[in-house]
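Protein chains in written order, with the numbering used here: chain H, 1 to 262; chain X, 263 to 524; chain A, 525 to 786; chain C, 787 to 1048.
Number of protein chains: 4
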Amino acid sequence: DSPLVIAGKTFKSRLMTGTGKYRSIEEMQQSVIASGCEIVTVAVRRVQTNAPGHEGLAQALDWDKIWMLPNTAGCKTAEEAIRVARLGREMAKLLGQEDNNFIKLEVIPDAKYLLPDPIGTLQAAEQLVKEGFAVLPYINADPMLAKHLEDVGCATVMPLAAPIGSGQGLKTTANIQIIIENSKIPVVVDAGIGAPSQAAEAMEMGADALLINSAIALAVNSSAMAYAMNLAAIAGRMAYLAGRMPIKDYAIASSPLTGTVN
Amino acid sequence: DSPLVIAGKTFKSRLMTGTGKYRSIEEMQQSVIASGCEIVTVAVRRVQTNAPGHEGLAQALDWDKIWMLPNTAGCKTAEEAIRVARLGREMAKLLGQEDNNFIKLEVIPDAKYLLPDPIGTLQAAEQLVKEGFAVLPYINADPMLAKHLEDVGCATVMPLAAPIGSGQGLKTTANIQIIIENSKIPVVVDAGIGAPSQAAEAMEMGADALLINSAIALAVNSSAMAYAMNLAAIAGRMAYLAGRMPIKDYAIASSPLTGTVN
Amino acid sequence: DSPLVIAGKTFKSRLMTGTGKYRSIEEMQQSVIASGCEIVTVAVRRVQTNAPGHEGLAQALDWDKIWMLPNTAGCKTAEEAIRVARLGREMAKLLGQEDNNFIKLEVIPDAKYLLPDPIGTLQAAEQLVKEGFAVLPYINADPMLAKHLEDVGCATVMPLAAPIGSGQGLKTTANIQIIIENSKIPVVVDAGIGAPSQAAEAMEMGADALLINSAIALAVNSSAMAYAMNLAAIAGRMAYLAGRMPIKDYAIASSPLTGTVN
Amino acid sequence: DSPLVIAGKTFKSRLMTGTGKYRSIEEMQQSVIASGCEIVTVAVRRVQTNAPGHEGLAQALDWDKIWMLPNTAGCKTAEEAIRVARLGREMAKLLGQEDNNFIKLEVIPDAKYLLPDPIGTLQAAEQLVKEGFAVLPYINADPMLAKHLEDVGCATVMPLAAPIGSGQGLKTTANIQIIIENSKIPVVVDAGIGAPSQAAEAMEMGADALLINSAIALAVNSSAMAYAMNLAAIAGRMAYLAGRMPIKDYAIASSPLTGTVN
Chain H
1 DSPLVIAGKT
11 FKSRLMTGTG
21 KYRSIEEMQQ
31 SVIASGCEIV
41 TVAVRRVQTN
51 APGHEGLAQA
61 LDWDKIWMLP
71 NTAGCKTAEE
81 AIRVARLGRE
91 MAKLLGQEDN
101 NFIKLEVIPD
111 AKYLLPDPIG
121 TLQAAEQLVK
131 EGFAVLPYIN
141 ADPMLAKHLE
151 DVGCATVMPL
161 AAPIGSGQGL
171 KTTANIQIII
181 ENSKIPVVVD
191 AGIGAPSQAA
201 EAMEMGADAL
211 LINSAIALAV
221 NSSAMAYAMN
231 LAAIAGRMAY
241 LAGRMPIKDY
251 AIASSPLTGT
261 VN
Chain X
263 DSPLVIAGKT
273 FKSRLMTGTG
283 KYRSIEEMQQ
293 SVIASGCEIV
303 TVAVRRVQTN
313 APGHEGLAQA
323 LDWDKIWMLP
333 NTAGCKTAEE
343 AIRVARLGRE
353 MAKLLGQEDN
363 NFIKLEVIPD
373 AKYLLPDPIG
383 TLQAAEQLVK
393 EGFAVLPYIN
403 ADPMLAKHLE
413 DVGCATVMPL
423 AAPIGSGQGL
433 KTTANIQIII
443 ENSKIPVVVD
453 AGIGAPSQAA
463 EAMEMGADAL
473 LINSAIALAV
483 NSSAMAYAMN
493 LAAIAGRMAY
503 LAGRMPIKDY
513 AIASSPLTGT
523 VN
Chain A
525 DSPLVIAGKT
535 FKSRLMTGTG
545 KYRSIEEMQQ
555 SVIASGCEIV
565 TVAVRRVQTN
575 APGHEGLAQA
585 LDWDKIWMLP
595 NTAGCKTAEE
605 AIRVARLGRE
615 MAKLLGQEDN
625 NFIKLEVIPD
635 AKYLLPDPIG
645 TLQAAEQLVK
655 EGFAVLPYIN
665 ADPMLAKHLE
675 DVGCATVMPL
685 AAPIGSGQGL
695 KTTANIQIII
705 ENSKIPVVVD
715 AGIGAPSQAA
725 EAMEMGADAL
735 LINSAIALAV
745 NSSAMAYAMN
755 LAAIAGRMAY
765 LAGRMPIKDY
775 AIASSPLTGT
785 VN
Chain C
787 DSPLVIAGKT
797 FKSRLMTGTG
807 KYRSIEEMQQ
817 SVIASGCEIV
827 TVAVRRVQTN
837 APGHEGLAQA
847 LDWDKIWMLP
857 NTAGCKTAEE
867 AIRVARLGRE
877 MAKLLGQEDN
887 NFIKLEVIPD
897 AKYLLPDPIG
907 TLQAAEQLVK
917 EGFAVLPYIN
927 ADPMLAKHLE
937 DVGCATVMPL
947 AAPIGSGQGL
957 KTTANIQIII
967 ENSKIPVVVD
977 AGIGAPSQAA
987 EAMEMGADAL
997 LINSAIALAV
1007 NSSAMAYAMN
1017 LAAIAGRMAY
1027 LAGRMPIKDY
1037 AIASSPLTGT
1047 VN
């Protein structure tokens, strides 16, 4: 397998995680390790405001090993997201990642479903690309929007499987499949994955990577679930490369019976 | 995690495989190793008749490490299956497994779907249990039949996910779920699994083990797929034990926003 | 379309209903009419014991127009079911259907899922056929069991879509499809249908008829739902006969564009 | 039930159809009648260029009874769609519908999946609303885009179930459900419906109306399928209003057994 390359940077792991919703910093630290991830997304606003559960969070990970993916969670408009993206870049620099220009772009006006705004996301993406960011936009699974984002120079697209934190699994497979078929940039399935089977399924479809947070953080045993997701992402990727058996309408015996024993 | 125990014998791996449909003996050997399995099922009739692809097959595995699960594939009636089961026990003995009394019971009158006969299976199971076999019956996912088989003393039940060799995945989840909830003996999901995501899903539901053959043997790269299935079975089991997050109707943000940065 | 023929008797409607779970006798009467059904199943035991909600129930329908289908609900064994079937025949006679030999056979040992026992059902069916009954057995969707029941002379098979009264919809489509393909007697999908879309889907698959009770009786507006089920069963049957369009992987424009207007 | 109201105009039928893909004008005419529809969409470009199968098509329907819904099929950009919409209005006037300002807006740059462009669609919608059109935009099932279109004054939103002409059924239910919950304008499920069961399901979810063309035109017997869709749409709507039974995890017997007969 060739490694995952995003904006020229190479990663071995195809599973990204987050830092939110854990019951303790220790649990988060252990889960990040168990997940085998090399990219962790961090909500810039929550860190900068020391939101509950976010005190010292940015400092709690080993940024020599983990690549920070600042995100614009909590931004309702393109303007807000652009401002927060710039703060994110500063945050990454302060934590020692001088050349980190990654931003996970979230423009989310809606509080109930946390679904991203296609118009505001495209506007912000265009501006942030101009400012030199490697933009990873969180989007509804709309193949035409994905194409626009690729055209304006985004580093990946991150279509959602289901609403953030819902754990509903792959509810948008038909559209994600079309995005994968047509995308020249990595496709990272983000949000909604609730179980390793769903992580594996997304990878079997040919997704380049996954971002999973809630399903790990909210499991009864987070670090065990993190490790399960780690294995599942690898299993799904291997299966994609190994070439799965064709699906048959009927049964096929293990081999023709050429004789019988009595 | 506690180990899998079948008829008093303990296994670490929860993935069982087979020997049929491979393109070569070497590929089969490598796949068995990559799968990490400890139990391999072998069609007694095919081995004894040296069916094409089965010459030397029984000798091709290291039976010091692998527990043989002889199966009665090709038997249309209870009587045939009982006879072949006895031959299977001899075969295991000849290959050095003196105390191996396992038999995977298949009674399959239908050639198109290879679906098992509930009546013949129950009859054969009753007789074989009396003869001291540890009976692992292959069945349609019928919870009441599973209960009968448990009541007559079977060592496991092996409900099918979909027709043998079809790779259709989990088509009988509702019934398998009920079987799992009610069974006091191990539930081994057998037949129809086509991809690691499906293997993981069955384990997440609480299945005790899986038997996968076609999806490995017919993959373009069999040993890679075997390894993927190995990981997926572990991932699914770990997730089952780790306790997955609840499924939500709506989105849940990673944490409440308690302030904003401007 | 040719009519539905069961045991030599012809019916125009392909939707059967029941009498249980209604909030009042009037609601039941209106719903039976709105459903357009010609066959109504009645629980022999409940009627004979005047169970709550069943007082006068048998008398509440116009048995000149409706064909009674006595059922053996509440029977745990073949023996019980056979006894109750005989009582059912008497009941039909008393209500004026002298030649009615129909019996909906239910042998249900399990109280939680109300799943039928394949062994007891087959035993009772064999006996009842010998006694001249037209036997309509309620079964799990097991194609091999369906074959056995056809072989012993049953008038139909009635595979379940999902547990009785669950409203979960078609959870056993793969097996029902195989039963339909192979059955020479009518296949009546029974239990689990919760919405008209599911009724239509079963008919589109080629089912010969449906039996729906809870989804009608437990709707907020039972008679409106009964009429919706009536239409859906007809729609599904018509679609089956009309021959549906093939499913395509990609989009197909409404017609090729041979020119453009500017 | 209250009638369907779009841009102040009232309709009894909730099923819209089209004119494309039929094998003959006669078949189209019969199917339109059998469908019971009151709105038929017509591709302006195809009619104006007399594309094969479209000669005389506009004249073949009784526009005293059928409300014309001109569409902008074949338009790749907002500009094209705006021009064609204006032509559509002229076409409706010429056919006697002086006050018809409806336009089904399609902006589709992609030839393989025929998926609509969210950006171009929103731009064109804004302009057309300003010009006094009642705009019915065809969109991917993106709740945020649907909100934008409602905000700029569209008359409906028409989210797709699956790619046009694919007959794949409801592949975007999770998002369509959210659109329905949040929309103050009618939600018309458009494209991808292949069978009456799917038509019923969309209506059961609370969709206000459906647009179905290929599944009717490409059925072996188009007019029979048109009638089946007609019934299914009514059945689905009735079920939505009737209030379906809750879904249960377990079985519920038709009534408690309070006695037994022996």
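Beta carbons: idealized from backbone N, C-alpha and C, even for Gly.
- Output yes if chain H places a C-beta closer than 7 angstroms to the C-beta of valine 523/X; else output no. Along the second sequence, one-based indexing puts residue 523/X at 261. The predicted position of valine 523/X is uncertain, since its pLDDT is 40 and thus under 50; no value can be drawn from it.
**Study point:** Reduced DSSP secondary structure (H/G/I, E/B, other) of valine 309/X
**Key:** Within the second sequence, residue 309/X is the residue found at index 47, counting from 1. The answer is helix: DSSP assigns valine 309/X an H, G or I state.
Excluding the 5 residues flanking leucine 1043/C on each side, which residues of the same chain have their C-beta closer than 7 angstroms to its C-beta? To locate residue 1043/C, count along the fourth sequence from 1; it is residue 257. Any reading at leucine 1043/C needs caution, since the residue's pLDDT is 48, under 50, leaving its predicted position unreliable; the model's value is listed next. Nothing meets the Cβ criterion.
Separation of proline 143/H from glutamate 895/C, as counted between CA atoms:
Looking up residue 895/C in the fourth sequence gives position 109. Looking up residue 143/H in the first sequence gives position 143. The amino acid at residue 895/C is misidentified as glutamate; the sequence shows proline. Those two C-alpha atoms are separated by around 11 angstroms.
Can you tell me whether isoleucine 825/C is helix, strand or coil according to DSSP? The sequence position of residue 825/C within the fourth sequence is 39, counting from 1. Residue state, collapsed to three classes: strand.
Fill in: Pairwise C-alpha distance: proline 332/X and threonine 798/A
There is simply no residue 798/A to check, as chain A begins at 525 and stops at 786 in what is shown.
- Query: Is proline 159/H near the ligand GDP, going by C-beta to nearest heavy atom under 6 angstroms?
  - Reply: Judged by which ligands are present, the structure shown has none, so any question about the ligand GDP falls away.
Can you name the residues that DSSP bridges to aspartate 714/A? On the third sequence, residue 714/A is found 190 positions in, with the first residue counted as 1. Aspartate 714/A pairs with Leu684/A, Leu735/A.
task: Take glycine 454/X as the anchor and find which of Gly318/X, Tyr502/X, Gln389/X, Tyr375/X has the nearest alpha-carbon.
output: Taking the second sequence and counting its residues from 1, one reaches residue 454/X at position 192. Checked all of Gly318/X, Tyr502/X, Gln389/X, Tyr375/X; the closest Cα to glycine 454/X is Tyr375/X.
Among Leu1027/C, Leu901/C, Asn926/C, Ile889/C, which residue has its Cα nearest to the Cα of leucine 914/C?
Locating residue 914/C in the fourth sequence gives position 128, where the first residue counts as 1. With distances taken between Cα atoms, leucine 914/C lies closest to Ile889/C.
What residues from the stretch 220-240 of chain H come within 7 angstroms of chain X, judged by C-beta to C-beta, listed N to C?
If the cut-off is 7 angstroms between Cβ atoms, the stretch 220-240 of chain H has Val220, Asn221, Ala224, Met225, Tyr227, Ala228, Leu231, Ala232, Ile234, Ala235, Gly236, Met238, Ala239 near chain X.
Practice task
State yes or no: is the C-beta of threonine 334/X within less than 7 angstroms of the C-beta of alanine 347/X?
Solution key: Within the second sequence, numbered from 1, the residue matching residue 334/X stands at position 72. Within the second sequence, numbered from 1, the residue matching residue 347/X stands at position 85. Yes.
*asked:* To the nearest angstrom, how far is the alpha carbon of isoleucine 663/A from that of arginine 14/H?
replied: Here residue 663/A corresponds to residue number 139 of the third sequence, with the count starting at 1. Here residue 14/H corresponds to residue number 14 of the first sequence, with the count starting at 1. Cα to Cα, the separation comes out at about 46 angstroms.
Check: In angstroms, rounded to a whole number, what distance separates the CA positions of leucine 735/A and methionine 540/A?
Finding: Translated into the one-based positions of the third sequence, residue 735/A becomes position 211. Translated into the one-based positions of the third sequence, residue 540/A becomes position 16. Answer to the nearest angstrom: the Cα atoms are 4 angstroms apart.
Near leucine 669/A, which residues of its chain fall below 6 angstroms by C-beta distance, leaving aside the five closest residues on each side in sequence?
Here residue 669/A refers to the residue found at position 145 when the third sequence is read from its first residue. Closer than 6 angstroms at Cβ, skipping near neighbours: Pro642, Ile663.
- Message: Between which two residues does the alpha helix (DSSP H) holding methionine 749/A run?
- Response: Residue numbering aside, residue 749/A sits at position 225 when the third sequence is read from its first letter. Looking at the DSSP string, the run of the alpha helix (DSSP H) that includes methionine 749/A is 746-766.
Is glutamine 909/C closer than 7 angstroms to alanine 867/C when the C-beta atoms are compared? Counted from its first residue, the fourth sequence places residue 867/C at position 81. Counted from its first residue, the fourth sequence places residue 909/C at position 123. No, Cβ-Cβ distance for alanine 867/C and glutamine 909/C is not below 7 angstroms.
- request: Note the first and the last residue of the continuous beta strand (DSSP E) segment covering glycine 804/C.
  value: Translated into positions along the fourth sequence, residue 804/C becomes position 18. Glycine 804/C -> beta strand (DSSP E) spans 801-804.
| task | Put threonine 796/C into one of helix, strand or coil per three-state DSSP. | result | Against the fourth sequence, residue 796/C aligns to sequence position 10. Strand at threonine 796/C.
Distance CB(alanine 477/X)-CB(proline 163/H) smaller than 7 angstroms:
Within the second sequence, the letter at position 215 stands for residue 477/X. Within the first sequence, the letter at position 163 stands for residue 163/H. Not closer than 7 angstroms, so no.
Review point. How about the stretch 546-566 of chain A and the stretch 746-756 of chain A: do they share at least three Cβ pairs that are nearer than 8 angstroms?
Key: Using a Cβ-Cβ distance cut-off of 8 angstroms, the stretch 546-566 of chain A and the stretch 746-756 of chain A are in contact, since at least three pairs of beta carbons, one from each stretch, lie closer than that value.
For a quick check, are the C-beta atoms of glycine 196/H and alanine 423/X less than 7 angstroms apart? Numbered from 1 along the first sequence, position 196 holds the residue referred to as residue 196/H. Numbered from 1 along the second sequence, position 161 holds the residue referred to as residue 423/X. The question names glycine, but residue 196/H in the sequence shown is proline. Not a contact, by the Cβ cut-off of 7 angstroms.
### Of the residues Val571/A, Ser690/A, Glu630/A, the one placed nearest cysteine 599/A, counting alpha carbons only
Indexing the third sequence from 1 puts residue 599/A at position 75. When Val571/A, Ser690/A, Glu630/A are compared, the shortest CA-CA separation from cysteine 599/A is found for Glu630/A.
Notebook entry, point to check: Using a Cβ cut-off of 7 angstroms, which residues of the stretch 688-701 of chain A contact any Cβ in chain C, in chain order?
Noted result: Listed by position along the chain: Ile688, Gly689, Ser690, Gly691, Gln692.
Legend entry - Sub-7 angstroms separation of glutamate 204/H and alanine 174/H beta-carbons: Here the question's residue 204/H lines up with position 204 in the first sequence. Here the question's residue 174/H lines up with position 174 in the first sequence. Result no, Cβ atoms of glutamate 204/H and alanine 174/H do not sit closer than 7 angstroms.
### Task
Starting from tyrosine 250/H, find everything on chain X with Cβ-Cβ shorter than 7 angstroms and list it in chain order.
The sequence position of residue 250/H within the first sequence is 250, counting from 1. The answer, in chain order, is Lys374, Tyr375, Pro425, Ser428.
Excluding the 5 residues flanking tyrosine 808/C on each side, which residues of the same chain have their C-beta closer than 8 angstroms to its C-beta? Stepping through the fourth sequence from its first residue, residue 808/C is reached at position 22. Met814, Ser817, Gly839, Ala1003, Ser1008.
Report task. Identify, in the order they occur along the chain, each residue of the same chain with its Cβ nearer than 7 angstroms to the Cβ of isoleucine 966/C, setting aside the five sequence neighbours on each side. Result -> Here residue 966/C corresponds to residue number 180 of the fourth sequence, with the count starting at 1. Correct list, in chain order: Val973, Met991, Gly992, Ala993.
Does DSSP classify valine 84/H as helix, strand or coil? Looking up residue 84/H in the first sequence gives position 84. Note: valine 84/H maps to helix in three-state DSSP.
Quiz item: Interface residues of chain C around leucine 619/A at Cβ under 7 angstroms?
Solution: Reading the third sequence from its first residue, position 95 is the one you call residue 619/A. None at all; the shortest Cβ gap to chain C is about 16 angstroms.
Isoleucine 440/X classed as buried or exposed, judged by whether at least 16 other C-beta atoms fall within 10 angstroms:
Taking the second sequence and counting its residues from 1, the one referred to as residue 440/X is at position 178. Around the CB of isoleucine 440/X, 16 or more other CB atoms lie within 10 Å, so the residue is classed as buried.
Q.
Does aspartate 848/C pass the burial test, meaning 16 or more other C-beta atoms within 10 Å, or should it be called exposed?
A. Here the question's residue 848/C lines up with position 62 in the fourth sequence. Counting Cβ neighbours within 10 Å, aspartate 848/C comes out exposed, since fewer than 16 surround it.
Cβ neighbours of lysine 274/X in the same chain (closer than 7 angstroms, five flanking residues each side left out)
Position 12 of the second sequence holds residue 274/X. Excluding residues within five positions, the ones whose Cβ falls inside 7 angstroms are Pro265, Glu300.
| field | Any beta strand (DSSP E) of 3 or more consecutive residues that is wholly inside the stretch 50-125 of chain H | value | If you keep only unbroken beta strand (DSSP E) runs of at least 3 residues inside the stretch 50-125 of chain H, you get 67-71, 102-105.
* Supposed close pair leucine 1027/C, aspartate 850/C - CB separation, criterion 8 angstroms -> As a position in the fourth sequence, residue 1027/C is number 241, starting the count at 1. As a position in the fourth sequence, residue 850/C is number 64, starting the count at 1. Actually they do not touch by this definition, with Cβ atoms about 30 angstroms apart.
Outcome for threonine 534/A when other beta-carbon atoms lying within 10 angstroms are tallied against a minimum of 16
For this step, residue 534/A is matched to residue 10 along the third sequence. The residue is exposed, with fewer than 16 neighbouring Cβ atoms inside 10 Å.
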